[in-house]
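Mapping the sequence shown onto the numbering used here, position 93 (from 1) lands on 93, and the numbers just tick up by one.
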Amino acid sequence: MPKYTRNVSIPGRSSEELFLKLSHDIDDFLKKIFLGKINIDKNQEEKKIYVKSHLLTAELACEEGLVVVNANLSLFAAPFRSKLDAGIDKWLARTFAGDPNIQGGTA
């Protein structure tokens with residue numbers, strides 16, 4: 001399976017704050033990008049969100065000032081990497097509007 005990895009820098013935000021924001025928005029975000037059944041497991045203690053569908057498996061780890069996205073994409077979903085990047089960029093712009101410190105880097 002093709003891999004998708006991205007480190008999203010969000011300086012000044014705690015792992016708890018990032019986890020809560022992601023937990024709140026992840027369902028709608030994924031529905032806009034992928035069709036079909038999506039299983040989402042949110043582990044507040046670890047500050048991680050696990051996503052599984054027929055198109056991908058992913059782990060989103062919230063750290064101090066950083067969200068680390070590690071995913072395995074199906075061959076069918078691999079061409080849509082740019083859609084994932086665009087979706088993350090839109091979420092960042094909407095969620096942290098006006099924060100000049102936000103950087104959406106890739107790894």
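Positions of the beta carbon are idealized from the N, C-alpha and C atoms, including for glycine.
Can you pull the DSSP bridge partners for Arg81?
For the purposes of this step, residue 81 is taken as residue 81 along the sequence shown, with counting starting at 1. DSSP, once it has assigned bridges, lists no residue as partnering Arg81.
Determine, for Leu66, whether the minimum Cβ-Cβ distance to residues of chain B falls below 8 Å.
Within the model displayed, chain B is absent; a lone protein chain is all it includes.
Under the assumption that Ala77 contacts Leu60 (Cβ atoms under 8 Å), give the Cβ distance between them as a whole number of angstroms.
Position 77 of the sequence shown, counted from the start, is the residue given in the question as residue 77. Position 60 of the sequence shown, counted from the start, is the residue given in the question as residue 60. Going by Cβ atoms, the distance from Ala77 to Leu60 rounds to 16 Å, so no, they are not a contact pair.
Between which two residues does the beta strand (DSSP E) holding Glu63 run?
The count along the sequence shown starts at 1 and reaches residue 63 at position 63. Taken as a continuous stretch (DSSP letters only), the beta strand (DSSP E) holding Glu63 covers Leu56 to Glu63.
Rank Lys42, Glu64, Glu45 and Val51 by C-alpha distance to the C-alpha of Gly36 and give the top, closest one.
Taking the first residue of the sequence shown as 1, we reach residue 36 at position 36. If we check each option's Cα against that of Gly36, Val51 comes out closest.
According to the neighbour-count rule (16 or more other Cβ atoms, all chains shown, within 10 Å of its Cβ), is Lys3 buried or exposed?
Within the sequence shown, the letter at position 3 stands for residue 3. By the neighbour-count rule (16 or more Cβ atoms within 10 Å), Lys3 is not buried but exposed.
Taking the straight line between their C-alpha atoms, what separation do you get for Val69 and Arg6?
Residue numbering aside, residue 69 sits at position 69 when the sequence shown is read from its first letter. Residue numbering aside, residue 6 sits at position 6 when the sequence shown is read from its first letter. So the two alpha carbons sit approximately 5 Å from each other.
Where Ser15 and Asn72 are concerned, what is the direct C-alpha to C-alpha distance, given to the nearest angstrom?
Reading the sequence shown from its first residue, position 15 is the one you call residue 15. Reading the sequence shown from its first residue, position 72 is the one you call residue 72. Going by the C-alpha atoms only, they are around 23 Å apart.
DSSP three-state label for Lys31, please.
In the sequence shown, counting from the first residue as 1, residue 31 sits at position 31. Here Lys31 sits in helix by DSSP.
Drop a sphere of 10 angstroms on the beta-carbon of Lys47, count the other beta-carbons inside from all chains shown, and report buried for 16 or more, exposed for fewer.
For the purposes of this step, residue 47 is identified with residue 47 of the sequence shown, where counting begins at 1. Per the 10 Å Cβ criterion, buried.
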